[in-house]
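Notes follow once the structure below has been shown.
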Amino acid sequence: MVTKKALITGITGQDGSYLAEFLLSKGYEVHGIIRRASTFNTSRIDHIYSDPHEEGVRLKLHYGDLSDAETINNIVYNVRPDEIYNLGAQSHVRVSFDVPEYTTNVVATGTTRLLESIRRSGNHIRFYQASSSEMFGSASPPQSEGTPFAPRSPYACSKLYAYWLTKNYREGYNMFACNGILFNHESPRRGETFVTRKITRAVAAIAAKKQEHLYLGNLKARRDWGYAPEYVEVMWKMLQQERADDFVIGTGETHSVEEFVDEVFDYVGLKKDRYVRIDPKYFRPTEVEVLIADPLKSKEALGFEPRIKFRELAHIMVDADMRAAGLEPVGEGDRILEQRFPRRWWAVD
Numbered sequence: 001m002v003t004k005k006a007l008i009t010g011i012t013g014q015d016g017s018y019l020a021e022f023l024l025s026k027g028y029e030v031h032g033i034i035r036r037a038s039t040f041n042t043s044r045i046d047h048i049y050s051d052p053h054e055e056g057v058r059l060k061l062h063y064g065d066l067s068d069a070e071t072i073n074n075i076v077y078n079v080r081p082d083e084i085y086n087l088g089a090q091s092h093v094r095v096s097f098d099v100p101e102y103t104t105n106v107v108a109t110g111t112t113r114l115l116e117s118i119r120r121s122g123n124h125i126r127f128y129q130a131s132s133s134e135m136f137g138s139a140s141p142p143q144s145e146g147t148p149f150a151p152r153s154p155y156a157c158s159k160l161y162a163y164w165l166t167k168n169y170r171e172g173y174n175m176f177a178c179n180g181i182l183f184n185h186e187s188p189r190r191g192e193t194f195v196t197r198k199i200t201r202a203v204a205a206i207a208a209k210k211q212e213h214l215y216l217g218n219l220k221a222r223r224d225w226g227y228a229p230e231y232v233e234v235m236w237k238m239l240q241q242e243r244a245d246d247f248v249i250g251t252g253e254t255h256s257v258e259e260f261v262d263e264v265f266d267y268v269g270l271k272k273d274r275y276v277r278i279d280p281k282y283f284r285p286t287e288v289e290v291l292i293a294d295p296l297k298s299k300e301a302l303g304f305e306p307r308i309k310f311r312e313l314a315h316i317m318v319d320a321d322m323r324a325a326g327l328e329p330v331g332e333g334d335r336i337l338e339q340r341f342p343r344r345w346w347a348v349d
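Mapping of the sequence shown onto our numbering: residues 1 to 349, in sequence order.
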């Protein structure tokens, strides 16, 4: 049996690490692109990494950057992957207002470099583009594949460029190129500056008496939050279809940041009013008020049916951060995982 090869940009991120685990469980040889740094930045994949000198290693890492076309071309040429998953990005929406040019270079032009590399290779490589619900911006909810886009940040504008370019290469060059328009998806591996993880880490630190306050921005913003390991499985499913297409992925529920705060503080028995503070610096110049997916197409075509939704997600993340803070977790999140994923392919967080 021929082993499939997959190349993942952003393999050290939340989604990249889960996707690498999933593809390894499917028997793939997985290649990941990582940026060179003076400190180790591979903590999310350390548990699946093996010394490349060992026999039979199926996870291989390559230094590169989406801002550098030459290294991208070399990696694609040498690896000759069957599938490429473009998850790499400057993915923090608020930060994109501070570094708009860099965000555009990596998110928008970086996708151009990948698509051109695939086209010039002449190989039949299937391509997944990590699009974002942020592209919908101020569009009326719920948002589906047919909803007009109205981006409200440099990040969203860059993602929208990449989305349309992916469609253009699919139609112009007959490439198998898909857009996954994923709504917010979280986990214990979520970056520590993203609002959900910022909240769950703060609650654990407050409970451990290591932090006094939690500073947040817009509490009224509403999002459709799902569980990241479920979403990376759907990425793979998109590339297994007979025909390339674009899909919205979400739970179909929306909740405010304030609701997430309430759920998390109630879960550990703390009064949020004693600890939560508002800092204007965390507000965006242009805000996205409501995002909620209409996932009917992905349900019918891909069989996507989320098993973890808002309340369960919050509990899973808090339990993991309580454990990381040296505290005994409440336990409900752990029980949810055992009940709904008794044979999960990803490592226990």
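For every residue, glycine included, the Cβ atom is placed at its ideal position computed from N, Cα and C.
Start and end residues, beta strand (DSSP E) containing residue i
i     : result
Lys5  : Lys5 to Thr9
Glu29 : Glu29 to Ile34
Residue span of the alpha helix (DSSP H) that contains residue i, given as start and end
i      : result
Asn41  : Segment: none, Asn41 is in no alpha helix (DSSP H) and carries neither H nor E.
Asn105 : Unbroken run through Asn105: none, as it is neither H nor E.
Asn123 : It is not in any alpha helix (DSSP H) - Asn123 carries neither H nor E in the DSSP assignment.
His315 : Phe310 to Ala324
Asn174 : Here Asn174 belongs to no alpha helix (DSSP H), and DSSP marks it neither H nor E.
Val79  : Ala69 to Val79
Phe341 : Taken as a continuous stretch (DSSP letters only), Phe341 belongs to no alpha helix (DSSP H), as it is neither H nor E.
Val232 : Ala228 to Met238
Those residues which DSSP pairs with residue i across a bridge
i      : result
Ile181 : Ser131 and Val248
Ala293 : Gln143
Tyr85  : Ile8 and Tyr128
Lys60  : His31
His255 : Arg223
Glu328 : Answer is none; Glu328 lacks a bridge partner.
Leu216 : Ile278
DSSP-derived helix/strand/coil call for residue i
i      : result
Ala347 : coil
His53  : coil
Val93  : helix
Gln211 : coil
Tyr275 : coil
Glu287 : coil
Glu186 : strand
Leu165 : helix
Gly16  : helix
Asp65  : coil
Val195 : helix
Lys299 : helix
Pro151 : coil
Arg335 : helix
Glu305 : coil
Asp98  : coil
Ala37  : coil
Counted within 10 angstroms of its Cβ, other Cβ atoms place residue i as buried (16 or more) or exposed
i      : result
Asp321 : buried
His213 : exposed
Gly27  : exposed
Val203 : buried
Tyr63  : exposed
Leu337 : buried
Ala34  : Note on identity: in this sequence residue 34 is Ile, with Ala being the wrong assignment. Buried, since its Cβ has 16 or more Cβ neighbours within 10 Å.
Lys210 : exposed
Asp86  : In the sequence under discussion, the amino acid at residue 86 is Asn, which differs from the Asp named in the question. Buried, by the Cβ-count rule.
Pro280 : exposed
Ser315 : Here the sequence assigns His to residue 315, which means Ser is not the residue at that position. Classification for His315: buried.
Cβ-heavy atom distance, residue i to the ligand ADP, below 8 Å
i      : result
Ala301 : The ligand content of the structure shown is nil, which means the ligand ADP is not present either.
9 Å Cβ cutoff, residue i in contact with chain C
i     : result
Asp15 : As a matter of chain content, chain C is missing from the structure shown, which is built from one protein chain.
request  = Decide if the stretch 124 to 133 is in contact with the stretch 67 to 74; the criterion is three or more beta carbon pairs, one per stretch, under 8 Å apart.
outcome  = no
task = Please determine if the stretch 251 to 265 and the stretch 212 to 219 are in contact, where contact requires at least 3 C-beta pairs separated by less than 8 Å.
result = yes
ask   = Any chance the stretch 138 to 151 sits against the stretch 283 to 300, with 3 or more Cβ pairs inside 8 Å?
value = yes
Cβ contact check for the stretch 151 to 169 and the stretch 221 to 241: 3 or more pairs under 8 Å = no
ask   = Touching or not, the stretch 295 to 303 and the stretch 241 to 250, by the rule of three or more beta carbon pairs under 8 Å?
value = yes
inquiry  = Under 8 Å, with one C-beta from each stretch per pair, do the stretch 39 to 47 and the stretch 76 to 96 reach the 3-pair mark?
reply    = no
query = Does the pairing of the stretch 155 to 162 with the stretch 269 to 283 give three or more beta-carbon distances under 8 Å?
reply = no
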